[in-house]
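Number of protein chains: 2
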Amino acid sequence: MEPLQVLPVPGLGEVTTGVELGALLDDAADAAGTPLAAGDCLVVTQKIVSKAEGRVVPLASDDPAARRRLIEAESVRLLRRRDELFITQTPHGFVCANAGVDQSNVDPGHAALLPLDADRSARRIRDALRGRGIEVAVVITDTFGRAWRNGLTDVAIGVAGLAAIVDLRGTSDASGRELAVTEVAIGDEVASAAELVMGKDRDVPAAIVRGLPGEWFRESSVRELVRAARDDLFR
Amino acid sequence: MEPLQVLPVPGLGEVTTGVELGALLDDAADAAGTPLAAGDCLVVTQKIVSKAEGRVVPLASDDPAARRRLIEAESVRLLRRRDELFITQTPHGFVCANAGVDQSNVDPGHAALLPLDADRSARRIRDALRGRGIEVAVVITDTFGRAWRNGLTDVAIGVAGLAAIVDLRGTSDASGRELAVTEVAIGDEVASAAELVMGKDRDVPAAIVRGLPGEWFRESSVRELVRAARDDLFR
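Chains A and B supply the protein sequences, listed in that same order.
Quick note on our numbering: the first sequence kicks off at 1 and runs consecutively.
Quick note on our numbering: the second sequence kicks off at 1001 and runs consecutively.
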């Protein structure tokens, strides 16, 4: 295996509805002295994607009833509730807190919603960069909680050009024994790696993951990562 | 934020009971041309820790009853069962498949068990390296499934010298709004980043994560990552 590099992409400034994120990110990477290169995976946080796509709505910070209505509108199913924490399933199939409705890092009196289709968002950024002559993969990430473990991790909510899951079943381990099941959630691991340079309290909404194996670059969808409700033992 | 590097540590060879992993890993990193340096986080997979600590037991591959007894002995609670897949809680508080009992990458007719106390395993490696004059953090990892999402990711099962969780609550986001809850599972994200250079089908049982912020280095325990059953909505 080759070494990996994880490079922060800071300095995007405020992102507004309708901006071309691909161009903005390409220029920011140039300005940071780490221009995008073929074979990179560009990791972009949900918040700036939602802003660029106009997925920001008014929501007063002191109106829990309005917040509940918004979370309900963004959900297809409520799994659990504890006080004002709602664990729901979104139309994308994600299970997360408050359907992704998030009032941090947006204008006061507003909330960001998840992109309608973050695979499409990722493809749009990938295609814009392709138009600039740079072939990269793109992963859109958000910060989710988990069952059983404290703390949040970043996971993939959209992918373009990178396998969300790499299936090592049927390959052999180092001692020649066939591995029974080893489907690795590459998309989520790339998201988590990128998060390490994108601390929540800093203005770094994107990162470059450089050095991923060439065989992981293929057409893909975040749907690979979404477990169907019928296969899930915890829903 | 500084860039991160994730460097594979290959070439350990077969690990046997009683070997001093710290020395072995230090030498392997040297041989790979990427010697350990102060401020590194050394990430070590569970399998070689279990082998070094003698946590490998006989288990025929065609004896499901013996396997079930072993899983039961390694568990304090069964959460779900589907056929021969058991989701249990281990004495450490981890929720994972088959209590971590794993027959891949061990001698035929054997199974590896989780280390009894992987925080202690991590401290032992950290202290051995300290004895060699190198001050690093150590994270022991294993590959776990999750609720709701397909695919496995590596997570921390033991830590020494690195915050398992970084609490950004009370700090401000880029727009000055106070962040309500942002406890980031740094230990798990470091584990996932390392896994990207430690593919299951290759003989790379460790990696160096270089460039983590200095303020994340502190005494810690994987217990920070273990959600208490009473706080868990999915148990």
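Every residue gets a Cβ at the ideal spot worked out from N, C-alpha and C, and that includes glycine.
Check                                                                                                                                                                              : Outcome
What are the partner residues of residue 1140 of chain B, as DSSP defines its beta bridges?                                                                                        : B/1044, B/1158
Hey, residue 207 of chain A and residue 194 of chain A: beta-carbon distance below 7 Å or not?                                                                                     : yes
I need the boundaries of the alpha helix (DSSP H) containing residue 1130 of chain B, first residue and last residue.                                                              : 1118-1131
Answer yes or no: does any C-beta atom of chain B fall closer than 7 Å to that of residue 4 of chain A?                                                                            : yes
Which chain A residues are close to residue 1221 of chain B, counting only those with a beta carbon under 9 Å from its beta carbon?                                                : None at all; the shortest Cβ gap to chain A is about 12 Å.
Whole angstroms are fine: how far does the CA of residue 1235 of chain B sit from the CA of residue 1183 of chain B?                                                               : 21 Å
Could you tell me which residues DSSP pairs with residue 1208 of chain B in its beta bridges?                                                                                      : B/1007, B/1042
Below 8 Å, how does it come out for the region 144-156 of chain A and the region 62-78 of chain A: are there three or more Cβ pairs, yes or no?                                    : no
DSSP three-state call for residue 239 of chain A: helix, strand or coil?                                                                                                           : The displayed coordinates of chain A run from 1 to 235. Any statement about residue 239 of chain A would go beyond what the structure contains.
Since residue 87 of chain A meets chain B, which of its residues come closer than 7 Å, beta carbon to beta carbon?                                                                 : 1233
Indicate the three-state DSSP secondary structure (helix, strand or coil) for residue 79 of chain A in the structure shown.                                                        : strand
Just verifying my parser: in three-state terms, what is the DSSP assignment at residue 1188 of chain B?                                                                            : helix
Can you have a look at residue 76 of chain A and say buried or exposed, based on whether 16 or more other CB atoms are within 10 angstroms of its CB?                              : exposed
Give me the Cα-Cα distance between residue 1122 of chain B and residue 5 of chain A, rounded to the nearest whole angstrom.                                                        : 25 Å
What number of angstroms, rounded off, separates the C-alpha of residue 1009 of chain B from the C-alpha of residue 1032 of chain B?                                               : 7 Å
Residues of chain A with CB closer than 8 Å to the CB of residue 1165 of chain B, please, in chain order.                                                                          : 150, 151
Using a Cβ distance threshold of 8 Å, determine whether the region 1111-1128 of chain B contacts the region 136-143 of chain A, with at least three qualifying pairs required.     : no
Identify the continuous alpha helix (DSSP H) that holds residue 66 of chain A and give its terminal residues.                                                                      : 64-73
Identify the contact partners of residue 68 of chain A in chain B, using a Cβ-Cβ distance below 9 Å as the criterion.                                                              : Those do not exist, as residue 68 of chain A stays about 16 Å from chain B at its closest Cβ, beyond 9 Å.
Based on Cα-Cα distance, which residue from B/1158, B/1211, B/1232, B/1209 lies nearest to residue 1262 of chain B?                                                                : Absent from the structure is residue 1262 of chain B, since the part of chain B shown begins at 1001 and ends at 1235.
Would the region 113-121 of chain A count as touching the region 87-103 of chain A if we require 3 or more Cβ pairs under 8 Å?                                                     : yes
Would residue 1055 of chain B be called buried (16 or more neighbouring beta carbons within 10 Å of its own) or exposed?                                                           : buried
Once you ignore the five residues that flank residue 1226 of chain B on each side, which residues in its own chain have a CB closer than 8 Å to its CB?                            : 1092, 1093, 1094
From the DSSP output, in three-state form, read off residue 222 of chain A for me.                                                                                                 : helix
Nearest-angstrom Cα distance between residue 212 of chain A and residue 189 of chain A?                                                                                            : 11 Å
Look at the alpha carbon of residue 1066 of chain B and the alpha carbon of residue 135 of chain A, and state the distance between them as a whole number of angstroms.            : 51 Å
On the DSSP bridge assignment, give the partners of residue 167 of chain A in chain order.                                                                                         : A/183
Do the CB positions of residue 221 of chain A and residue 119 of chain A come within less than 7 Å of each other?                                                                  : yes
Which of the residues in the region 185-201 of chain A, read from start to end, lie with their CB under 9 Å from any CB of chain B?                                                : 185, 186, 187, 188, 189, 190, 191, 192, 193, 194, 195, 196, 197, 198, 199, 200, 201
I believe residue 1162 of chain B touches residue 1187 of chain B by the beta-carbon criterion, under 8 Å. Please report the beta-carbon distance rounded to the nearest angstrom. : 7 Å
Could one say the Cβ of residue 122 of chain A lies closer than 7 Å to chain B's Cβ atoms, at least one of them?                                                                   : no
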